[in-house]
Amino acid sequence: GLTASISKANLDVTGLTAESKTYDATTTANLAGTATVNALGNDDVSLEGIAVGAFDNKNVGDSKAITVTGLTLTGDDAGNYTLVAPNGLTANITPKAITISGIKAESKEYDGTTDATINTSEATGWIEGDDLQLTATGQFVNKNVGEDKNVTLASNYSGSDASNYTITDQASTTASITASSGGDTGTGGGTTGGGGTNTVSKVVANIQQQASTNAKLGSFAATGFTFDSSTANFSQQSGSLELVEVDESAGNSLAKTNTNNLGLMRVFVNEGGLNISGLDNSDQ
Numbered sequence: 001g002l003t004a005s006i007s008k009a010n011l012d013v014t015g016l017t018a019e020s021k022t023y024d025a026t027t028t029a030n031l032a033g034t035a036t037v038n039a040l041g042n043d044d045v046s047l048e049g050i051a052v053g054a055f056d057n058k059n060v061g062d063s064k065a066i067t068v069t070g071l072t073l074t075g076d077d078a079g080n081y082t083l084v085a086p087n088g089l090t091a092n093i094t095p096k097a098i099t100i101s102g103i104k105a106e107s108k109e110y111d112g113t114t115d116a117t118i119n120t121s122e123a124t125g126w127i128e129g130d131d132l133q134l135t136a137t138g139q140f141v142n143k144n145v146g147e148d149k150n151v152t153l154a155s156n157y158s159g160s161d162a163s164n165y166t167i168t169d170q171a172s173t174t175a176s177i178t179a180s181s182g183g184d185t186g187t188g189g190g191t192t193g194g195g196g197t198n199t200v201s202k203v204v205a206n207i208q209q210q211a212s213t214n215a216k217l218g219s220f221a222a223t224g225f226t227f228d229s230s231t232a233n234f235s236q237q238s239g240s241l242e243l244v245e246v247d248e249s250a251g252n253s254l255a256k257t258n259t260n261n262l263g264l265m266r267v268f269v270n271e272g273g274l275n276i277s278g279l280d281n282s283d284q
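Using full-length UniProt numbering, count along the sequence shown one by one with no gaps and you end on 284.
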């Protein structure tokens, strides 16, 4: 007699949609709706299992293809059908907004520049394990000695996962600039009002007034001075230290600057000559 074959009918899964998401470093796709199948006639066929969606890759993109797994057919007539997973499901993955933190600047000895050495080893903000490299440079607010000085940061990012983020940079951090340890230290042997003279020439002179003895005040002849005036006088004025006669004609903003923080006034020098800095908190 005649024979023929009956092939299985395709049975499409319907009722599912895919949801867009923010980048999370996984391919997981969130599905919505209820998965259903419509068998022929009165056939006993239904679905079992849990529908699981997956993007084609983890990266940011629009209309990304999604596959669905996890469903099987059950029922007396299930063997007559081939399950066809939802076709054409797509959704978007949008960049993750992050804010970088943990970048640090290293304190340094005074070197006449605002350059800061930046350490990014403890920087955080992105998803652990992602290929994102951070490099950063920094500049102190000024070159002068001071504690907890603001350091402005400029950051760059690379790596295959950098484009999966919208990044807010860490804008700044803080670090200190300490007095240069190079050269000799001039302590000054004068008394209040300018008695005694010491010569300061390309060295660091730490003028630390001792109120009990009025020591370490006086007039310092400054060879190699960067201003026209050749003398910087340190005297006690109402419990303060006052720097006077520092080329007022040149409009030097540090002329006649007072500080009530005794011991804070310092004279710093570099190879080019003597520079005045570190007079009070506003100048640091």
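Cβ coordinates follow ideal geometry from the N, Cα and C atoms, glycine included.
For this session: Within its chain, find whatever has a CB closer than 7 angstroms to the CB of T22; leave out the 5 residues flanking it on each side and keep chain order.
Result: T94, K96
Exercise. The beta strand (DSSP E) with G125 in it runs from where to where?
Worked result: Where G125 is concerned, there is no enclosing beta strand (DSSP E), given that its DSSP letter is neither H nor E.
For this session: Assess, as a yes-or-no matter, whether the stretch 71 to 85 is touched by the stretch 97 to 109 under the definition of 3 or more beta carbon pairs within less than 8 angstroms.
Result: no
Problem set entry | Same chain, Cβ closer than 7 angstroms to T137, neighbours up to 5 away in sequence not counted | I118, A154
For this session: With DSSP as the reference, please indicate the residues paired to D146 in a beta bridge.
Result: The sequence shown places Gly at residue 146, not Asp. Beta-bridge pairing links G146 to I177.
For this session: Would you kindly work out how many angstroms separate the C-alpha atoms of E150 and N59, rounded to a whole number?
Result: It is Asn, not Glu, that sits at residue 150 in the sequence shown. Straight-line Cα distance between these residues: approximately 37 angstroms.
Exercise. Can you tell me whether S158 is buried or exposed, with buried defined as 16 or more other CB within 10 angstroms of its CB?
Worked result: exposed
Exercise. In chain order, what residues of the same chain have a beta carbon less than 6 angstroms from the beta carbon of D43, not counting five sequence neighbours either side?
Worked result: D77
Exercise. Under the rule that 16 or more other beta-carbon atoms within 10 Å means buried, what is A116, buried or exposed?
Worked result: buried
Problem set entry | Assigned exposure category for N38 - 16 Cβ within 10 Å defines buried | exposed
For this session: Measure the CB-CB distance between S70 and I98 and report whether it falls below 9 angstroms.
Result: Per the sequence shown, residue 70 should be read as Gly rather than Ser. No, the Cβ-Cβ distance between G70 and I98 is not below 9 angstroms.
Exercise. Candidates G79, A18, S46, G146: which alpha carbon is nearest A66's?
Worked result: The residue asked about is misnamed: residue 66 is Ile in this sequence, not Ala. Nearest option by C-alpha distance: A18.
Exercise. Alpha carbon to alpha carbon, how far is E106 from T120?
Worked result: 11 angstroms
For this session: Grab me the residues of L11's own chain with a C-beta within less than 8 angstroms of its C-beta, minus the 5 sequence neighbours each way, in chain order.
Result: V37, N38, A39, V45, L73, Y81, T82, L83, V84
Problem set entry | Alpha-carbon spacing of L134 relative to A32, whole angstroms | 38 angstroms
Problem set entry | For S160, three-class secondary structure by DSSP | coil
For this session: Identify every residue that forms a DSSP beta bridge with T28.
Result: A54
Exercise. Are N144 and I167 touching if we call contact CB-CB under 9 angstroms?
Worked result: no
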